[in-house]
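Numbering (this note's numbering), first residue to last: 1309 to 1619.
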């Protein structure tokens, strides 16, 4: 298959009688960039089989048909065979459970061993073009769930949902010490001077950052708490910086707590994703169990107080 095509049909309700086509599409979640693409697509926008411009005023009862065509795969992404844990897939999106040590995008010095390369290989094997569009991002050593958009419309809608905090994300982390039962961390985060990647709590120059946490269990043998976390904001390294700031850093964190005695990477996992499907509007919710390295530390033979995540 040399292209991927979808059609969407939108009946015009009485309350939107007389609305111009561009405004109608913007209300459906189409970005300006996508609308420009549709203008250039043959038969991209039609009513009763006739092409229309974005200035066309729709009448109640008409059906606007959108022809969305994806013709090219992501350039410069080398397909790489990879074991992928695809939790959910349809023609609009995928949810993937990412493993540790896997960056989500190619970068200088790492052009082939990323999730993008694995997905390029996956769709190459299916004979389908695929443009790589990651909606939420995870650090290389953070495991768990993330969303990939299958086409430009789902990407447009999901990106807007992410920006407006309509995608609920729950993380699980192992943190040093007995973390308080629950709490809220409100502390601005900014770059560490002279570093391109390291962040710190910076009340003067940082951006607002709010993290809600709840302790689920504590293992006396390892001295680690299993903590559930929700983010009101999405700053870089927010969980890692915030938990360190209250004296409970994540073990194995090469930037903020390089203690590898118990685990070789930051003990952070994207556990649950809940959101409304961008096209069907069905409510979706997915969970990914703790990876073995974190689960082993939770279940170390000792007296452990455990509460099921999400309860």
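We treat Cβ as the ideally placed atom computed from N, Cα and C, and that holds for glycine.
- Taking a cut-off of 8 Å on C-beta distances, the stretch 1537-1545 touches the stretch 1511-1522, as three or more cross pairs fall below it.
- Residue 1563 and residue 1508 have their alpha carbons spaced roughly 11 Å apart.
- As computed with DSSP, residue 1406 is found in a beta bridge with 1452.
- For residue 1527, the enclosing beta strand (DSSP E) stretches over residues 1518-1527.
- Going by beta carbons, residue 1574 and residue 1450 fall inside the 9 Å limit.
- Only residues of its own chain outside the window of five on either side were considered, and among them 1320, 1325 and 1326 have a CB closer than 8 Å to the CB of residue 1367, listed in chain order.
- Straight through space, the alpha carbons of residue 1577 and residue 1317 are spaced by roughly 39 Å.
- Counting only residues of its own chain and dropping the five nearest sequence neighbours on each side, residue 1428 has a CB closer than 6 Å to the CB of 1385 and 1387.
- For the pair residue 1402 and residue 1475, the CB atoms are not nearer than the 9 Å cut-off.
- With a threshold of 16 other beta carbon atoms within 10 Å, residue 1371 falls short and is exposed.
- Three or more beta-carbon pairs separated by less than 8 Å are not found between the stretch 1457-1474 and the stretch 1520-1529, which leaves the two stretches without contact.
- Note on residue 1587: 16 or more other CB atoms within 10 angstroms of its CB, so buried under the neighbour-count rule.
- CA-CA distance, residue 1585 to residue 1591, rounds to 6 Å.
- Rounded to the nearest whole angstrom, the CA to CA distance from residue 1396 to residue 1404 is 7 Å.
- The three-state secondary structure of residue 1508, taken from DSSP, is strand.
- Taking a contact to require three or more Cβ pairs closer than 8 Å, the stretch 1418-1433 and the stretch 1331-1348 do not qualify as touching.
- Under DSSP, residue 1419 shares a beta bridge with no residue.
- Judged by DSSP in its simplified three-state form, residue 1329 adopts helix.
- Within a 10 Å sphere around the beta-carbon of residue 1361 sit fewer than 16 other beta-carbons, which makes this residue exposed.
- Inside the stretch 1528-1582, DSSP marks whole beta strand (DSSP E) runs of 3 or more residues at positions 1532-1539, from first to last along the chain.
- Rounded to whole angstroms, the separation of the alpha carbons of residue 1431 and residue 1390 is 12 Å.
- Boundaries of the alpha helix (DSSP H) harbouring residue 1606: 1600-1606, taken from the DSSP string.
- The criterion of a C-beta distance shorter than 9 Å is satisfied by residue 1373 and residue 1353.
- Between residue 1348 and residue 1410, the CB-CB gap reaches or exceeds 9 Å.
- Secondary structure of residue 1442 (DSSP, three-state): strand.
- In the structure shown, residue 1515 adopts extended strand secondary structure according to DSSP, grouped into three states.
- When secondary structure is reduced to three states using DSSP, residue 1479 falls in the strand class.
- Looking at the DSSP output, residue 1315 sits in a beta bridge with 1375.
- In terms of Cβ geometry, residue 1383 and residue 1437 do not form a close pair [threshold 9 Å].
- Sorting 1322, 1398, 1315 and 1363 by C-alpha distance to the C-alpha of residue 1357 places 1315 at the top.
- Each of 1552, 1571, 1551 and 1554 was checked against the Cα of residue 1560, and the nearest Cα belongs to 1571.
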